Amino acid sequence: MTDSGIGTLVDSDLVGEVWTMAQPGTDPVLYGHVEIEPKGKFPARSLQTFRMTYTVGRFGLDDTGAIRIMQRAMGDGGALQTNDPTGHNYVTATTSSGVPLGVEYSRYGAMPRPRWKVLTIRVAGGFLREGDEIEIIFGDTSKGSPGLKLQSMVEPNFEFKVAADVCAVGHYTPIPNTPNINIVPGEAALWRAVLPSLRRPGETFQFGLKAEDNWGNPTDQAQGNFTFRANMAVKGLPDGVEYSLGERAVSFEGLSVDEPGTLRITVHDETGAEVAQSHPLVVQDGPHSGYWADLHGQSGESIGIGTSRDYFEFGRNMAFLDALSHQANDFQVNNAFWAYLNDLTASYHQDHRFLTFPGYEWSGNTAVGGDRNVFYRTEGRPIYRSSHALLVD
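Each residue of the sequence shown is one higher than the last, beginning at 41 in my numbering.
Printed below as a string of structure tokens:
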């Protein structure tokens with residue numbers, strides 16, 4: 041991973057998944073390699089066409105052997121299909137040598153979690169030699185399909201994970217250097233002004249502002265000069281903000297209101313038009329304040345998408361939350377990820393500002409108690425797993 045870990049490909053050493061221990065060989069050249077075009081950035085929920093080329097490795101690809109292209113379970117991208125060439129998400133596969141192929145898509149069960157969505161491309165007569173190619177077109181528009189419909193959520197490194205069964209034994213070995221694309225936000229559709237819900241007089245809070253695309257993704261494709269208007273006196277609130285292109289959110293911290301009441305803040309552009317209104321912040325005396333938290337998040341190291349660092353960044357800096365806890369299924373949390381997650385949780389924790397709780401989901405089968413959330417107040421505590429279903433450590 042990079043030093044920041046933000047927007048990077050999920051570190052495979054931290055993912056709770058197990059590949060077959062029996063392999064034809066250890067040299068990656070035996071299995072071939074994969075390329076995808078085009079590369080780059082593509083708007084969420086847009087229609088696209090991608091051309092993937094698998095070049096057969098030294099072992100060849102035997103009769104009834106196959107490659108599998110796998111995607112994560114948690115995503116709302118279009119389901120691949122091979123039956124309607126005029127429909128969305130039409131996919132085709134051909135070989136450079138003319139050897140016939142069978143193509144089948146399964147949304148569940150063909151491979152272990154987290155990669156449930158699987159396109160299997162099988163040699164259906166003959167065999168392939170080293171250097172032969174299989175070309176797969178996702179969103180093949182040649183017969184009228186509008187293309188492949190991408191998922192509605194941003195994912196900086198959306199994987200086309202490829203594995204090969206070169207000896208036709210039913211065991212799939214992952215190909216190194218996973219092809220991936222960058223699914224990015226679309227154009228700004230609306231602005232969001234965000235306040236907490238409940239504070240006591242004099243107690244501090246933050247005010248957040250962001251632009252979202254049509255699918256609710258904070259977008260960096262927005263800019264403008266805005267003024268703020270509040271119906272109550274707010275200590276620390278600036279008159280406005282110059283919102284720069286490339287920002288995905290801004291926040292103003294250390295604000296407070298001295299008197300009881302219900303605060304609203306409106307945001308106005310340079311013409312004076314209102315572009316956003318916050319929801320109400322109730323300021324009143326009482327034993328408690330109100331805080332917002334996401335206490336059950338997952339990421340690509342387990343069953344979700346993106347990195348765990350992306351999750352904490354989004355929650356703190358784009359959702360303007362007060363507390364977070366990552367809750368990966370225990371049988372997918374290997375020792376390396378548990379150590380990493382504890383370090384990550386500690387690095388994001390800020391007393392009186394942003395609370396993080398190290399933890400996991402105890403994920404026993406329903407017959408033995410079902411799922412339970414486990415939260416620790418401090419890092420460095422043990423993990424007691426319900427099973428090692430996807431772990432070897």
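Glycine included, every Cβ here is placed at the ideal spot set by N, Cα and C. Keep in mind that this is a model prediction, so the values were computed, not measured.
Annotation for A84: L190, Q191, S192, M193, V194, I223, V224, P225, G226, D253, W255 and N257 place their beta carbon closer than 8 Å to its own, counting only its chain and skipping 5 residues before and after. Here the alpha carbon of R239 sits roughly 33 Å from the alpha carbon of G346.
For F352, the enclosing alpha helix (DSSP H) starts and ends at S348 to N357. Partner residues in a beta bridge of M151, as assigned by DSSP, do not exist. Going by DSSP, Y94 is part of the beta strand (DSSP E) stretching over F90 to T95. The beta carbon of W332 sits closer than 6 Å to the beta carbons of L361 and D362 from its chain, once the five residues preceding and following it are set aside; these are given in chain order. According to the DSSP assignment, A407 belongs to no beta strand (DSSP E), since it is labelled neither H nor E. Counting other Cβ atoms within 10 Å of its Cβ, K157 reaches 16 or more and is therefore classed as buried. Excluding its 5 nearest sequence neighbours in each direction, T396 has C-beta neighbours in its own chain below 8 Å: F352, A363, L364, S365, T385, A386, Y388 and H389, listed in chain order.
Rounded to whole angstroms, the gap between the alpha carbons of F245 and R356 is 13 Å.
One thing to note: L430 has its Cβ no nearer than 8 Å to the Cβ of F377. Collapsing the DSSP output to three states places F292 in a strand. Here C207 has P64, F99, D102 and G105 as same chain residues with Cβ atoms under 8 Å from its own Cβ, once five neighbours each way along the sequence are excluded. Taking C-beta atoms as the reference points, R108 and L141 fail to come closer than 8 Å.
Collapsing the DSSP output to three states places A429 in coil.
A straight line joining the alpha-carbon of V234 with that of V408 spans about 42 Å. Across the structure, D124 and P398 are spaced so that their CA atoms are roughly 47 Å apart.
DSSP places T66 outside both helix and strand once states are collapsed to three, so it counts as coil. Here the region 260-280 lies against the region 294-310, with 3 or more beta-carbon pairs under 8 Å apart.
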